[in-house]
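See structure below.
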Amino acid sequence: MPDIIFQSTKHFWPEITLALTFIAAMIFEFATKKRTTGTGILVLLGLAAALVQLPSAPSEPVSIFGGMYAIDPFSTFFKYVIIVTGMVVVLFSFQSQELKKESGHTGEYYCFIAAVTFGMVLMTGSSNLVMIYLSIELVSITSYILAGFSKSLRRSSEAALKYVIFGALSSGIMLYGMSLIFGLTGTLDLSGIRTALASGHAVTTGWSFAALMAAIVLMLAGFGYKVSVVPFHFWTPDVYEGAPITITAFLAVASKAAVFAVMIRFFYVAFFDNMLASTGVYSSFRNVDWSMILAVLSVLTMTLGNFVAIWQDNLKRMLAYSSIAHAGYMLMGVVVMSNFGLSAIMLYFVMYFFMNLGAFYVVMVIADKIGSENIDDYRGFGKRAPIISVGLSIFLISLTGLPPTAGFVGKLFLFSSVMASQFIWLAIVGVLNSVVSLYYYARVLKNMYLREAPDGDESPIVFSKVTSAVVILFIIPNILLCFFYQPVLTFAQRSIAILLPGL
Amino acid sequence: MTFETILFYVLALAGIVSALLVITRRNPMHAALFLIVNFVALAGIYLTLHAQFVAITQVLVYAGAIMVLVLFVIMLLNLQNEQDLFEKRSWRSYSGPILSLLLLALLLRTVAFVSGGSFDRISPESERIGTVANIGQQLFTAFVFPFEMASLLLLAAMVGAVILAKKRFP
Amino acid sequence: MIPISHYLILSAVMFTIGCAGVLTRRNAIIIFMCIELMLNSVNLTFVAFSAYLGDSAGQIIVFFVMAVAAAEAAVGLAIVLALFRNKKSVDINDVNILKW
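Set out below in structure tokens:
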């Protein structure tokens, strides 16, 4: 056993770095009270140190720690997205006024960002039900803490309470699904589950079929809650609106990426039939059409997200509903589960990273300036703060998926992957939904450019040079990736290798 | 009927009754005490399955640690009874029971017919696997990785709980 | 000999009772207790399967569930405390700044 641990450790350095960053940041925070930016810089360096170790990950899938954890190109891709998001969120936090008001506490805040990043990275590679449960809970518990971080703001505590109650409920439901899977197959290991199901002796009698169905439904409910799939989405708007905006951005991008990674790994490794991999159809247990069930969930999610977003007046809350809709789009790639679909999801996450973080950044700096996230208060911004307004417009157009922005390419590949697997109606629903989303994004643009400020105030709102520079830094990839997406696509296509038993 | 069988059904009844009492008592203190009864009944049921280690940790961790924390918070906040538990009807008081009944139907449909193969009787192995020695050995060999990750989770949760519960900074 | 289905039915019934409690009760602390109830009944399923299958993995995961339950309870109760300081109530119907 000890040699297995030592051999495994050499592939595990990025994760070890993150764990050490968390602990070191905490010790640093306790040792040097008040110097809170110091902790932030330490966490930033730790994340960067983990990031630079990622390229040396083995290009072939490896199973380490006795099958508990998988290192494969698939998880490495998601680790890039998660760690870079973590670094960007730390940088945003340096600037956030909302956090500065919470005097004295921001040091611990950075420690938890390290912990939650570590948990998410752990999620992408978990290949055992114990590890899936533990890593999801590590992320959930630290997210509850971060969502309730601005304690003096009542809405932050309330968001945290709602988050913790429904989060714990969903973990309980998911755990029940895991227990049924354990009873059916006698193992907690994902590849063991696959072997047991493939050998057929696990699914022979009537009850075991019912148990398998129930287990999948319960697991799906648990994962669906974490990525806010309708009908498990009800916590998302409240938590996203109530949490500090840096955390909202983090949850919307990195948390979603991590859960998609673990969900894809779970279904792909345990239930997906190897023989059918080229056509991309779920192994249907006695003709239950899983891709149809997922397709219906995906349609419900994007439709509800987009339609409810129309009625929102708070931009942060509107972005929450828009992130529900985006979960629906990404679920389309899980529906087909083909290699094309997987690479489309991964490409979409890169695009989503740039457009969503950009949009949240603009909402954050504007809220810090005018103290409001209300869309009506954005009137006349086009003249008063031109760079910020252009930035927000481009991010919102990108979220809609119109050319010439990154979002267009993301949606294009996602929809064509669905079409390639004969789900043409699903792609049409997706396109129609994008049209609906144009309506509410355009409302923000209309307020900024076509309407005057309420009191006729046309004095420019001055943002610091750093703010403008960050906005421009986010505009550039949003435009460039529309034309030069090829490297990202190639990288995504090379990264679809998921660890499977017998490899 | 062996002693074990009788013990199981008595404890199962105690478990269900105490669980029902937990969700119907207005006074949070009473609910907490019935929850402890439920935990102890479950510990007894674990013993009928020869799971000694789980039974002991059940009493130590759940009844001993978690419930002490809950009782402490209830007393600290000095909560009043939930007065209008059955009077004020909201959508929650209707949808909750209906959803739960649906869930119960799904779960019972699933588990009520489990039988056949190794499910006909308790494995003779169970005498050995439930011991502290075996669980400890498993935890530090095959499951040492999740064990270490669990320690990080507990560290994060501990620091987080302290920060959230601490009095607001000046 | 007790058939395994009796253990599993007991666990399913207790799981549903806990779930009903979460969905109907309004006191946040009682809701946390109901969640503990749900996690406990899942533990019973794991232990029952573990004993009948003769596989210790089911009892190991129970150990981890207990650790996580303790952590979750601590964080959840800390959030309740923080909220109570702000508004002197743990009734989740009073949590209404944010709409459903």
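Protein chains in written order, with the working numbering: chain A, 1 to 503; chain B, 1001 to 1170; chain C, 2001 to 2100.
For every residue, glycine included, the Cβ atom is placed at its ideal position computed from N, Cα and C.
Checklist entry - Per DSSP, what kind of secondary structure is residue 3(A) in: helix, strand or coil? => result In the structure shown, residue 3(A) adopts helical secondary structure according to DSSP, grouped into three states.
Item to check | Pairwise C-alpha distance: residue 1032(B) and residue 1995(C) | outcome: Since the first and last residues shown for chain C are 2001 and 2100, residue 1995(C) lies out of range.
Next on the checklist: I'd like to know if residue 1165(B) contacts chain C, where contact means its C-beta is closer than 8 Å to some C-beta of that chain.
Outcome noted: So yes, residue 1165(B) belongs to the interface.
Checklist entry - In chain order, what residues of the segment 1121-1140 of chain B put their CB closer than 8 Å to some CB of chain C? => result Correct list: 1121, 1122, 1123, 1124, 1125, 1126, 1129, 1130, 1134, 1135, 1138, 1139.
Item to check | residue 1002(B) burial status per 10 Å Cβ neighbour count (16 or more: buried) | outcome: So residue 1002(B) ends up on the exposed side.
Checklist entry - Going along the chain, which residues of its own chain have a beta-carbon closer than 7 Å to the beta-carbon of residue 80(A), five neighbours each way excluded? => result 54
Item to check | Opening and closing residue of the alpha helix (DSSP H) in which residue 93(A) lies | outcome: Note, residue 93(A): alpha helix (DSSP H), 73-95.
Checklist entry - In the DSSP assignment, what residue or residues form a beta bridge with residue 63(A)? => result 70(A)
Item to check | When 1055(B), 1044(B), 1164(B), 1011(B) are compared against residue 109(A), the one with the closest alpha-carbon | outcome: Looking at the Cα atoms, 1164(B) is the closest of the given residues.
Item to check | Residues that DSSP places opposite residue 126(A) in a beta bridge | outcome: Paired residue(s): 69(A).
Checklist entry - What are the uninterrupted segments assigned as alpha helix (DSSP H) that are 4 or more residues long and contained completely in the segment 2023-2047 of chain C, given in chain order? => result Counting only runs of 4 or more, we get nothing.
Checklist entry - Under three-state DSSP, which class holds residue 1078(B)? => result Looking at residue 1078(B) - three-state DSSP - the assignment turns out to be coil, as it is neither helix nor strand.
Checklist entry - residue 1027(B) bridges to which residues according to DSSP? => result Paired residues: none, contrary to the question.
Checklist entry - Are any of the Cβ atoms in chain A nearer than 8 Å to that of residue 2039(C)? => result yes
Checklist entry - Three-state secondary structure (DSSP) at residue 189(A)? => result Note: residue 189(A) maps to strand in three-state DSSP.
Next on the checklist: Output needed in chain order: residues of the segment 1054-1072 of chain B with a Cβ under 8 Å from some Cβ in chain C.
Outcome noted: 1054, 1057, 1058, 1061, 1062, 1065, 1066, 1069, 1070
Next on the checklist: Suppose you measure from the CA of residue 247(A) to the CA of residue 29(A); what does that come to, to the nearest Å?
Outcome noted: 20 Å
Item to check | N-terminal and C-terminal residue of the alpha helix (DSSP H) that residue 311(A) is part of | outcome: Note, residue 311(A): premise wrong, no alpha helix (DSSP H); not H, not E.
Checklist entry - Okay, do the segment 1013-1026 of chain B and the segment 360-380 of chain A touch, 3+ Cβ pairs below 8 Å being the bar? => result no
Next on the checklist: Please confirm whether residue 2061(C) has its beta-carbon closer than 8 Å to some beta-carbon of chain A.
Outcome noted: yes
Checklist entry - Contact check, residue 444(A) vs residue 485(A) under 8 Å by CB: the rounded distance? => result Actually they do not touch by this definition, with Cβ atoms about 26 Å apart.
Checklist entry - Whose C-alpha, out of 21(A), 494(A), 138(A), 4(A), is nearest the C-alpha of residue 1141(B)? => result 4(A)
Checklist entry - What is the DSSP secondary structure of residue 2050(C), reduced to helix, strand or coil? => result helix
Checklist entry - Once you ignore the five residues that flank residue 439(A) on each side, which residues in its own chain have a CB closer than 8 Å to its CB? => result 310
Checklist entry - Among the residues of its own chain, which have a CB less than 7 Å from the CB of residue 188(A), if the five just before and after it don't count? => result These residues qualify, in order along the chain: 128, 129, 130, 182.
Checklist entry - If you follow the alpha helix (DSSP H) that residue 491(A) is part of, which residue opens it and which one closes it? => result Taken as a continuous stretch (DSSP letters only), the alpha helix (DSSP H) holding residue 491(A) covers 486-494.
Item to check | Members of the segment 423-438 of chain A near chain C, C-beta cut-off 9 Å | outcome: none
Next on the checklist: Considering just the uninterrupted stretch of the alpha helix (DSSP H) at residue 394(A), what are its terminal residues?
Outcome noted: 386-400
Checklist entry - Under 8 Å between C-beta atoms, does residue 1104(B) make it to chain A? => result Taking a beta-carbon distance threshold of 8 Å, residue 1104(B) does not count as an interface residue toward chain A.
Item to check | Rounded C-alpha distance that separates residue 432(A) from residue 416(A) | outcome: 15 Å
Checklist entry - Among residues of its own chain, excluding the 5 on either side of residue 1018(B), which ones have a beta-carbon nearer than 6 Å to its beta-carbon? => result So the qualifying residues of the chain are 1034, 1037, 1038.
Checklist entry - What does residue 2013(C) reach in chain A if we use C-beta pairs closer than 8 Å? => result The contacting residues do not exist; residue 2013(C) stays about 13 Å from chain A at best.
Checklist entry - Does the Cβ of residue 312(A) have 16 or more other Cβ atoms within 10 Å, making it buried, or fewer, making it exposed? => result Under this definition residue 312(A) is a buried residue.
Checklist entry - Should residue 1136(B) be labelled buried (16 or more other beta-carbon atoms within 10 Å of its own) or exposed? => result exposed
Next on the checklist: Can you list, in chain order, the residues of its chain with a C-beta nearer than 7 Å to that of residue 2039(C)? Leave out the 5 residues immediately preceding and following it.
Outcome noted: 2065, 2069
Next on the checklist: Contact criterion: CB-CB distance below 8 Å. Does residue 148(A) meet it with respect to chain B?
Outcome noted: yes
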